[in-house]
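Residues in the sequence shown are numbered from 4 upward in steps of one, following the numbering used here.
Notes to accompany the following structure.
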Amino acid sequence: MPVLGGMYCFPGGTLRKDDYSAAMIERCAGLTAEEARKIVGAQFRPQEAAGLWVAGIRELFEEVGVLLAVKESGARLAMTSAHAARLIDEHRDRTTISIDFLSLLNAEHLRCELSRLAYFSHWQTPAQVSRRFDTHFFLAVIPGDQTPLETSYEVAHSLWLTPDRALQLYGRGGLPMIFPTFASLRTLADFETLESLRKEYFRDRSSV
4 MPVLGGMYCF PGGTLRKDDY SAAMIERCAG LTAEEARKIV GAQFRPQEAA GLWVAGIREL
64 FEEVGVLLAV KESGARLAMT SAHAARLIDE HRDRTTISID FLSLLNAEHL RCELSRLAYF
124 SHWQTPAQVS RRFDTHFFLA VIPGDQTPLE TSYEVAHSLW LTPDRALQLY GRGGLPMIFP
184 TFASLRTLAD FETLESLRKE YFRDRSSV
């Protein structure tokens with residue numbers, strides 16, 4: 004890839020206008036647009052703020068096949084890797100790598116469960132850097148009945164590691180990553196248990 008090729012990083016991508024369309028916001032649950040804006044700041048309109056959560060959920064699904072959603076009834080979504088791969092294939096635009104995420108949610112009678120993402124941090128490259136990014140990081144607990152895909156159109160290789168293990172590999176030169184990824188893992192490594200992490204970051208512990 005022309006940007007950060009060969010680097011290990013968290014699933015992610017670009018915020019799109021579709022992520023904060025009125026129709027998409029109506030397909031969300033667990034966090035209102037106003038609540039999202041209070042978390043990320045008044046520089047965003049409420050729908051744009053909620054769109055950051057939607058983009059995170061969409062990119063997680065596009066890249067590793069994990070879908071943070073609930074059924075229209077509010078019931079939990081059960082999904083196998085095979086089911087995720089089928090949905091990705093069915094809803095991918097054949098001319099691009101993107102997925103018509105709203106159509107997928109409508110067709111499957113699902114809602115984005117925004118409360119499954121906890122806001123974590125914001126990173127922006129300095130102005131003097133030629134290739135810049137402005138990125139918002141989120142945390143999520145992967146549903147117990149879902150398994151991330153090992154590869155996808157955008158992912159050549161994936162690893163799912165504890166922060167401590169990732170930092171060990173990085174220190175040996177075996178896990179190349181950029182500083183925001185390293186710093187995020189360094190912060191997460193300070194938490195001894197998932198429960199302690201939940202208490203610090205997750206808005207609604209019952210939702211995870």
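Cβ coordinates follow ideal geometry from the N, Cα and C atoms, glycine included.
**Request:** Give the secondary structure of residue 104 by DSSP, where H, G and I count as helix, E and B as strand, and everything else as coil.
**Result:** helix
**Request:** Please determine, among 151, 88, 78, the residue with the shortest C-alpha to C-alpha distance to residue 115.
**Result:** 78
**Message:** For residue 8 and residue 163, I'd like the C-alpha separation in whole angstroms.
**Reply:** 19 Å
**Item:** Residue burial classification, residue 132 (beta-carbon count within 10 angstroms, cutoff 16)
**Value:** exposed
**Prompt:** Could you give the distance in angstroms between the alpha-carbon of residue 38 and the alpha-carbon of residue 49?
**Reply:** 8 Å
**Message:** Are the CB atoms of residue 122 and residue 139 within a distance shorter than 9 Å?
**Reply:** yes
**Pairwise C-alpha distance: residue 35 and residue 41** = 10 Å
**Asked** Taking C-alpha atoms, which residue in 56, 83, 94 lies nearest to residue 28?
**Response** 56
**Request:** Compute the Euclidean distance between the alpha carbons of residue 166 and residue 188, then round it to the nearest angstrom.
**Result:** 5 Å
**Asked** How is the alpha helix (DSSP H) around residue 187 delimited, first residue to last?
**Response** 182 to 191
**Message:** Tell me which residues share the same chain as residue 213 and place their Cβ nearer than 8 Å to its Cβ, disregarding the 5 neighbours each side in the sequence.
**Reply:** What is shown of the chain runs 4 to 211, which leaves residue 213 out entirely.
**Asked** By Cβ distance below 6 Å, which residues in the same chain neighbour residue 117 in space, the five residues on each side in sequence not counted?
**Response** 31, 33, 34, 56
**Message:** As an exercise, report each continuous beta strand (DSSP E) stretch of at least 3 residues that is fully enclosed by the region 43 to 96, in chain order.
**Reply:** 72 to 74
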